[in-house]
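There are 2 protein chains.
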Amino acid sequence: MTKINILKEAEKIKKSFNPFQLVDVDNFHVFLGLFDGDYRKHRHPYDEFFYVISGLVELVMDRETIALKPGEAFLVPKNTWHKSAAQKKALVMLFEKQGLQSEFA
Amino acid sequence: MTKINILKEAEKIKKSFNPFQLVDVDNFHVFLGLFDGDYRKHRHPYDEFFYVISGLVELVMDRETIALKPGEAFLVPKNTWHKSAAQKKALVMLFEKQGLQSEFA
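Encoded structure:
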């Protein structure tokens, strides 16, 4: 194992809303995500943890919208329809179970 | 769910090396850890992911020592003897599987 420098890894990301895998933790993935604009509404049968490293992120769910700034985190519970949005580029660390598929609205 | 502000949560931590649970992500915990001084050498049969938010952290393993600064992360693989050390207070986000026990050296 070598250590992971989050900002250096982020430089490798060319495409927004395309999870960039940092490492596996048992049967979980740690991803970096570059959020830019609006992602499609979706849900999945597992929890998803978002931690904002830079930029401003909105998590839009049916009953509420959560606005996150750097240093803030949110858990989208399993089976919850959600979409992510960022007016400008934002960098997010994501933690979720491996191998499961999203259902798009 | 409400959003989690990491630094505000950190203010609630009174004791170092005593994982403070932020949220569960399926069968994983997200913890905050206040590292201050040296923790005991231990291992556990599951991976542990460390992400340093503030301060400087050393992860001392039998074959190598990894020094981490804010924005850096490291995975200690399962069954690897390790101890954590921080010369001054450091704040760390930790991801690991729920319910498993550490074995101390």
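Each protein sequence line maps, in turn, to chains A and B. Per numbering that gives the first Met the number 0, the first sequence starts with residue 0, numbered consecutively. Per numbering that gives the first Met the number 0, the second sequence starts with residue 0, numbered consecutively. Glycine included, C-beta positions come from ideal geometry on N, C-alpha and C. Treat the numbers as computed from the prediction; the structure is a model and nothing was measured.
Is there a C-beta anywhere in chain A that falls below 8 Å from the one on residue i?
i            : result
residue 4/B  : yes
residue 10/B : no
residue 46/B : yes
residue 61/B : no
Comparing alpha-carbon positions, which option in the options lies nearest residue i?
i             : options                  : result
residue 84/A  : 58/A, 74/A, 76/A         : 58/A
residue 13/B  : 40/B, 102/B, 69/B, 35/B  : 35/B
residue 19/A  : 71/A, 91/A, 86/A         : 91/A
residue 101/A : 64/A, 87/A, 82/A         : 82/A
residue 108/B : 61/B, 11/B, 6/B, 103/B   : Outside the shown range of chain B (0 to 104) lies residue 108/B, about which nothing can therefore be said.
residue 87/B  : 68/B, 25/B, 24/B, 11/B   : 68/B
residue 17/B  : 0/B, 31/B, 10/B          : 31/B
residue 1/B   : 62/A, 104/A, 103/A, 99/A : 62/A
Apart from the five residues just before and just after residue i, which ones in its own chain have a Cβ nearer than 6 Å to its Cβ?
i            : result
residue 66/A : 57
residue 64/A : 57
Would residue i count as contacting chain B if we go by Cβ distances under 8 Å?
i            : result
residue 57/A : no
residue 96/A : yes
residue 72/A : yes
residue 29/A : yes
residue 91/A : no
residue 18/A : no
Which same chain residues end up closer than 7 Å to residue i when comparing Cβ atoms and leaving out the 5 residues on each side of it in sequence?
i            : result
residue 27/B : 94, 95, 96, 97
residue 89/B : 34, 51, 53, 54, 55, 56
residue 22/B : 3, 29
residue 15/B : 33, 34, 35, 36
Would the beta-carbon of residue i fall within 8 Å of that of residue j?
i            : j            : result
residue 39/B : residue 80/B : no
residue 54/B : residue 4/A  : no
Considering only residues of the same chain and omitting the five flanking positions on each side of residue i, which have a CB-CB separation below 8 Å?
i            : result
residue 60/A : 75, 79, 80, 81
Tell me, please, whether the stretch 40 to 48 of chain A touches the stretch 61 to 81 of chain A by the rule of three or more beta-carbon pairs shorter than 8 Å.
yes
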